[in-house]
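Numbering (the working numbering), first residue to last: 3 to 297.
Where a beta carbon is used, it is the ideal one built from N, C-alpha and C, also for glycine.
Below is one structure, written out as structure tokens, with a few remarks after it.
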Amino acid sequence: MAPMSEKTLAPSVTHRDPKGLKFTSVVEAAYDKAVLSDEEAQRVNDMPGLADLIGDFITKNRQPNQFANEEISSTYGYPKGYQVRPIAEQVARLKELFPELNGANLEIAKGELPEGAEDWFAIPRWDKLGKSYAEAFEQRIIPALTAIFPKFYNYRKGELSAKYLRQHQRTIEMYERLAAEQEGYDILIVPAQFGMRHRGRSVRRVREMFIANEFGLGVFAIGCMLLIHPERLVCWEQLHIDCGGDEYDWVAGGDWTLCPCFRFFDAQVKFNASGVYNANRRFGSVSGFLGSVAT
């Protein structure tokens, strides 16, 4: 895993940028509206606490408040035996599992990790393994997971067609950008985190809190990550996985208020779906990042 010093920080907005100018213009307007005398202006300037007042306002409002109550403290983490494999090893393993894949641009993983990412992960383009996203997962990834995890249990068996499972719109858009940036390669090199960043948060809270270049990963990507890192899901007392890059509908009736999830319970890796409104300290949403800030 790359040290923090190797991570790329998204450029911050300053008071000289358009958004910063808008903020300072509000302060200017309030100051002008007060119609202060020279004596009053001096008194205001001499009073301490203005910087703290503005700083507290920014701290309180810099994060979205929607679904803020769907977040609970969590101390669950990754199993002790889990470690991200070298990117070349990941790519080789995927080509072994799916021989039709042509490879990846390994040079990308020599770059700096974006802020929030834990490491580089090799994830195939789903359209290289199926005619649709749902088909690629059900017909290629599920059988491979069953082979890797002998006791793999699929609660959604027979309910994984496109009328039940689809990608979240943000994820679709971000993956299109990744594919365009890595055109010509069947396996994408994606900076990602395996759930720790968003542990204890509901999926819809996580989606509200994504930074500009962050997006949820779904069952196809996470399934591939598990194929390469099966030790990520080996016990009950660990952080289990929400797949916030996807949406799921129990009854195929147009109610996309669920998302898929993986967990380890009763000596089995289990695949199911749960409500996007559920905050569970045992679960964390997996997310990927663009190398640059999305606009």
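Around the beta-carbon of S289, 16 or more other beta-carbon atoms lie within 10 Å, marking it buried. The residues F217, in chain order, have a CB closer than 6 Å to that of R172 in the same chain once the five nearest residues on each side in sequence are set aside.
With fewer than 16 other CB atoms across the displayed protein chains lying within 10 angstroms of its CB, S14 is exposed.
Per the DSSP secondary-structure output, P126 pairs in a beta bridge with I189.
Excluding the 5 residues flanking it on each side, P232 has same chain C-beta neighbours closer than 7 Å at I150, F151, in chain order. Under the 8 Å Cβ criterion, the segment 179-196 counts as touching the segment 93-104, having at least three qualifying pairs. Contact between the segment 169-183 and the segment 70-88 is absent, with fewer than three C-beta pairs closer than 8 Å. If you look at R95, you'll find it isn't in any beta strand (DSSP E); it sits in the alpha helix (DSSP H) that goes 89-99.
Under the three-pair Cβ rule at 8 Å, the segment 120-134 does not count as touching the segment 251-262. G293 is the residue among G79, G293, D48, A31 whose C-alpha sits nearest the C-alpha of N215.
By the beta-carbon neighbour count (other beta carbons within 10 angstroms, threshold 16), G256 is exposed. If you keep only unbroken alpha helix (DSSP H) runs of at least 4 residues inside the segment 186-265, you get 205-211, 221-230. DSSP lists no beta-bridge partner residue for N107. Here P145 is exposed: its Cβ has fewer than 16 other Cβ atoms, across all protein chains shown, within 10 Å. Per the DSSP secondary-structure output, Y155 pairs in a beta bridge with K272. When DSSP reads this structure, D40 sits in no beta bridge, so it has no partner.
With respect to the C-alpha of H200, the residue from R142, I230, G246 having the closest C-alpha is G246. In this structure, the alpha-carbon of Q44 lies about 52 Å from that of G286.
At a Cβ-Cβ threshold of 9 Å, P193 and V221 do not count as neighbours. Take the alpha-carbon of R209 and the one of E41: they are about 49 Å apart. Under the three-state reduction of DSSP, L167 is assigned to strand.
S75 sits in coil when the DSSP states are folded into three classes, being neither helix nor strand. In this structure, the alpha-carbon of K159 lies about 19 Å from that of A269.
Residue environment analysis places C237 among the exposed positions, since fewer than 16 neighbouring C-beta atoms fall within 10 angstroms of its C-beta.
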